[in-house]
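Engineer: Using this note's numbering, you'd call the opening residue of the sequence shown number 2 and step up by one each time.
Can you read through this structure? Questions will come right after.
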Amino acid sequence: MSFPREPLRRIVVVGGGQLGVLAAIALRRSLPGCEVIVIGGQPGPASFADWSPTAMPFTNKLHDRLGIAEADIIAKAGGSYRLVTRLSGWGGAGQGSVVAYGDALDPALRTALARDRARAAGAHAPAPASLAQVLAEAGRFAPPPPGEPSPLAAVDYALRWHPPAYRALLIAAAQALGIGYVEGVIDRIELVDGDDNIAAIGIAGQGLIAADLFVDCSGPQAAVLAGHPHFVFTDWSDSLPTRHIYCAAPAAPVIALEDRVTLTSAGWVTEVAGRDGRHITLGTPAALPRAAAEALLGAPVQAAIALTPGCAAEPWIGNVVALGDAAARFEPLGPLHLDLAHRQLALLLEMLPGRAMAPLERAEYNRRSGLMMEGVREVLAMHFASPEAQRVFGSCALPGRVAAVIDQFERRGRIPFREELPLLGQEQFALLVALGWTPGLSPAAKAADPAAETSARAAFEANARAALAFAPSYGPWLASAAAVSPAPSG
Numbered sequence: 002m003s004f005p006r007e008p009l010r011r012i013v014v015v016g017g018g019q020l021g022v023l024a025a026i027a028l029r030r031s032l033p034g035c036e037v038i039v040i041g042g043q044p045g046p047a048s049f050a051d052w053s054p055t056a057m058p059f060t061n062k063l064h065d066r067l068g069i070a071e072a073d074i075i076a077k078a079g080g081s082y083r084l085v086t087r088l089s090g091w092g093g094a095g096q097g098s099v100v101a102y103g104d105a106l107d108p109a110l111r112t113a114l115a116r117d118r119a120r121a122a123g124a125h126a127p128a129p130a131s132l133a134q135v136l137a138e139a140g141r142f143a144p145p146p147p148g149e150p151s152p153l154a155a156v157d158y159a160l161r162w163h164p165p166a167y168r169a170l171l172i173a174a175a176q177a178l179g180i181g182y183v184e185g186v187i188d189r190i191e192l193v194d195g196d197d198n199i200a201a202i203g204i205a206g207q208g209l210i211a212a213d214l215f216v217d218c219s220g221p222q223a224a225v226l227a228g229h230p231h232f233v234f235t236d237w238s239d240s241l242p243t244r245h246i247y248c249a250a251p252a253a254p255v256i257a258l259e260d261r262v263t264l265t266s267a268g269w270v271t272e273v274a275g276r277d278g279r280h281i282t283l284g285t286p287a288a289l290p291r292a293a294a295e296a297l298l299g300a301p302v303q304a305a306i307a308l309t310p311g312c313a314a315e316p317w318i319g320n321v322v323a324l325g326d327a328a329a330r331f332e333p334l335g336p337l338h339l340d341l342a343h344r345q346l347a348l349l350l351e352m353l354p355g356r357a358m359a360p361l362e363r364a365e366y367n368r369r370s371g372l373m374m375e376g377v378r379e380v381l382a383m384h385f386a387s388p389e390a391q392r393v394f395g396s397c398a399l400p401g402r403v404a405a406v407i408d409q410f411e412r413r414g415r416i417p418f419r420e421e422l423p424l425l426g427q428e429q430f431a432l433l434v435a436l437g438w439t440p441g442l443s444p445a446a447k448a449a450d451p452a453a454e455t456s457a458r459a460a461f462e463a464n465a466r467a468a469l470a471f472a473p474s475y476g477p478w479l480a481s482a483a484a485v486s487p488a489p490s491g
């Protein structure tokens, strides 16, 4: 006969940035009878998940689950929308393409587009391959009405926001749930005698705080997990070559449905549009003089960060679980930091333990969280595998199945399935095209019925016309949706 385990009585979340506060909200909603306390203060600049002004579509679903209204993000946190990311220069000068979200293309249309791209072989930008790209290039969009049929129903999107305002929105939600907060610095960790569990953590000048579960959202220093005697760090330096990050002060506001990732002769540059300003980040293989970095950024350097990429070999040890930058360190080449952190948080909610934690629970969490982290590493490594990227960053080892994926893509236009990857198959296909690879055609695609492809193209064009007719002009619509509250600044 089995008996239910005693539930957790207190959870301490270490880290007061946007990740830690959202984690506390999630845990409190999942365990309303459990006390949840956040310990922390202002995150450091290397806590990329905490300062990210955007995430990926997975976060929209997590927000819905946790009662964080999209309308509030738009009205109170400087929110806006991204439909596509435009990559330039990764396949050489003048080369580029866009990556949209989702995996909903008709197979016949996917084959036709692959044939077009193979035929063009980088000669010019491929034709739009998604409704999202059509809408972004026309500057027309509004999220489709929930529960109603719409020409935009299949268009997936990501949200952006002003990080301090978004964090303030989350803090208000946390306070409404009765989540406690202690500002301070951890000065010691006390283990349970003869056990892997942590009994309590010490806060400088404030004594000890005990808990059944500690969730480390403290950023790359991993203030709790790295203090555990069984912590092991796995180095990713052989496959991820970015060593220095330069973050610019936000430039003038930009209302756009696309963000940009560009390879230059000195490194990569990301540009995230926003109502609070354009967020520009530069990543390089070696340190640059400040003036050179500012010339590439087009703005003053707000933060300069040295990076050693890698991850925790086990993000759950004893009764400590690390999320986000506390579990994995890597370059902010796109919104993968917060996406990884939120997917790890969702996994923790799925596997929440009782006060007695089973080794099999930890093992399964570590397996799946490990796959998530390796998936991020593989997606990033794809960026540095092209000849143009190697010219800038040098040759790097290809981790996991990256070499096999590129081979299958070039020979057959195929993306092998991998568990817990941050990108869907169609998204990976578009990314590899944008990075300069040309897709091959499988035997089935070579024998495809031309009439089916023609029909699929016609259906796509009809859907595109319907979407353009339905969607409002994005700028005026966003201004109206955000009129409840002015855009934050600073």
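Built from N, CA and C at the ideal position, the CB exists for glycine as well.
(1) Taking the alpha carbon of I375 as the reference point, which residue from L241, E295 and I199 has its own alpha carbon closest?
(2) May I ask which residues mark the beginning and end of the alpha helix (DSSP H) holding Q1?
(3) Looking only at its own chain, which residues have a Cβ that is under 7 angstroms from the Cβ of E295, when we skip the five neighbours before and after it?
(4) Could you check where the beta strand (DSSP E) with Y158 kicks off and where it finishes?
(5) Keeping to the same chain, check which residues put their C-beta closer than 7 angstroms to that of G80; ignore five residues upstream and five downstream.
(6) Around the Cβ of P251, are there at least 16 other Cβ atoms within 10 angstroms (buried) or fewer (exposed)?
(7) Does the structure place the region 252 to 267 close enough to the region 87 to 99 that three or more beta carbon pairs sit under 8 angstroms?
(8) For a quick check, are the C-beta atoms of L424 and H384 less than 9 angstroms apart?
(9) Determine the DSSP secondary structure at S31, reduced to helix, strand or coil.
(10) Are the region 133 to 152 and the region 461 to 480 touching by the rule of at least three beta carbon pairs closer than 8 angstroms?
(11) How many Å lie between C152 and V135 at the Cα?
(12) Kindly examine the ligand MG and report whether one of its heavy atoms sits closer than 8 angstroms to the Cβ of R415.
(13) If you draw a straight line from the alpha carbon of L283 to that of V434, how long is it in whole angstroms?
(14) Could you check the C-alpha separation between L353 and A174 for me, to the nearest Å?
(15) Touch check for the region 16 to 31 and the region 212 to 221: three-plus C-beta pairs under 8 angstroms?
(16) Do you know whose CA, among C397, P129, P400 and W438, lies nearest G414's CA?
(17) When you compare only the Cα positions, how much space is there between G18 and T455?
(18) Helix, strand or coil, according to DSSP, for Q391 in the structure here?
(19) Is DSSP giving T455 helix, strand or coil here?
(20) I need the boundaries of the beta strand (DSSP E) containing G311, first residue and last residue.
(21) Residues in its own chain within less than 8 angstroms of S443 by CB, not counting five upstream and five downstream?
(22) Could you please give the first and the last residue of the uninterrupted beta strand (DSSP E) stretch that includes E36?
(23) Measuring straight from C-alpha to C-alpha, what distance separates L297 and A305?
(24) Round the Cβ separation of A449 and T112 to the nearest angstrom and send it over; I've been treating them as touching at under 8 angstroms.
(25) Using the Cα positions of G123 and G441, report the straight-line distance between them to the nearest angstrom.
(26) Select from H245, P316 and A293 the residue whose C-alpha is nearest the C-alpha of A509.
(27) Going by DSSP, what residues sit across from W317 in a beta bridge?
(28) Starting from V406, trace the alpha helix (DSSP H) in both directions and tell me its first and last residue.
(29) For W438, name the three-state secondary structure that DSSP assigns.
(30) Distance check for P164 and A155, CA to CA, integer angstroms please.
(31) Suppose contacts are defined by Cβ-Cβ distances below 9 angstroms. Is G206 in contact with I38 by that definition?
(32) Report the rounded CA-to-CA distance for R368 versus V13, giving the unit in angstroms.
(33) To the nearest angstrom, report how far apart F49 and V403 are at their CA atoms.
(34) Starting from I172 and walking both ways along the alpha helix (DSSP H), at which residues does that stretch end?
(35) Using 8 angstroms as the threshold, is the region 196 to 212 in touch with the region 55 to 70, meaning 3 or more CB pairs across them?
(36) Indicate the three-state DSSP secondary structure (helix, strand or coil) for S240 in the structure shown.
Structural biologist: Reading it off the structure:
(1) Note on identity: in this sequence residue 375 is Glu, with Ile being the wrong assignment. Per the Cα distances, L241.
(2) A question about residue 1 goes unanswered here, because the residues of the chain that appear run from 2 up to 491.
(3) Sequence-distant partners of E295 (beyond 5 residues in either direction) whose C-beta falls short of 7 angstroms from its own C-beta, in its chain, are P301 and V302.
(4) Per DSSP, Y158 belongs to no beta strand (DSSP E) and is neither H nor E.
(5) Contacts found: I74, L160, R161 and W162.
(6) The residue in question, P251, is buried, as its Cβ has 16 or more Cβ neighbours within 10 Å.
(7) Contact holds: three or more Cβ-Cβ distances are below 8 angstroms.
(8) Cβ distance not < 9 angstroms, so L424 and H384 don't count as in contact.
(9) In this structure, S31 counts as helix in the three-state DSSP scheme.
(10) The way I'd put it, the region 133 to 152 does touch the region 461 to 480; three or more beta-carbon pairs between them come closer than 8 angstroms.
(11) It is Pro, not Cys, that sits at residue 152 in the sequence shown. Going by the C-alpha atoms only, they are around 13 angstroms apart.
(12) The ligand MG is not part of the structure shown, which contains no ligands of any sort.
(13) The alpha-carbon of L283 is positioned some 22 angstroms away from that of V434.
(14) Distance between the alpha carbons of L353 and A174: 21 angstroms.
(15) At 8 angstroms Cβ cutoff, the stretches touch.
(16) Closest option to G414, judged by alpha-carbon separation, among C397, P129, P400 and W438: W438.
(17) Roughly 51 angstroms separates the two Cα atoms.
(18) In the three-state reduction of the DSSP assignment, Q391 falls in the helix class.
(19) Annotated three-state conformation of T455 is helix, per DSSP.
(20) Counting along the chain, the beta strand (DSSP E) containing G311 begins and ends at G311 to A313.
(21) Spatial neighbours of S443 in its own chain (CB-CB distance under 8 angstroms, excluding positions within 5 residues in sequence) are listed in chain order as R413, G414 and R415.
(22) According to the DSSP assignment, E36 belongs to the beta strand (DSSP E) that extends over E36 to I40.
(23) In a straight line, the C-alpha of L297 is about 14 angstroms away from that of A305.
(24) Right, the Cβ-Cβ distance comes to about 5 angstroms (below 8 angstroms), so this counts as a contact.
(25) With a pLDDT of only 49 at G123, under the threshold of 50, the placement of this residue in the model should not be trusted; the figure read from the coordinates follows. One C-alpha to the other measures close to 13 angstroms.
(26) Nothing in the structure corresponds to residue 509, since the chain is present only between 2 and 491.
(27) Paired residues: V322.
(28) Here the alpha helix (DSSP H) through V406 covers V403 to R413.
(29) Three-state DSSP puts W438 in coil, outside helix and strand.
(30) Taking the straight line joining both Cα atoms gives about 28 angstroms.
(31) G206 is not a Cβ neighbour of I38, given a cutoff of 9 angstroms.
(32) So the alpha carbons of these two residues sit roughly 23 angstroms apart.
(33) Straight-line spacing of the CA atoms in F49 and V403 works out to 24 angstroms.
(34) First-last of the alpha helix (DSSP H) with I172: P164 to A177.
(35) Taking 8 angstroms as the limit for Cβ pairs, the verdict is that the region 55 to 70 does not touch the region 196 to 212.
(36) Three-state DSSP puts S240 in coil, outside helix and strand.
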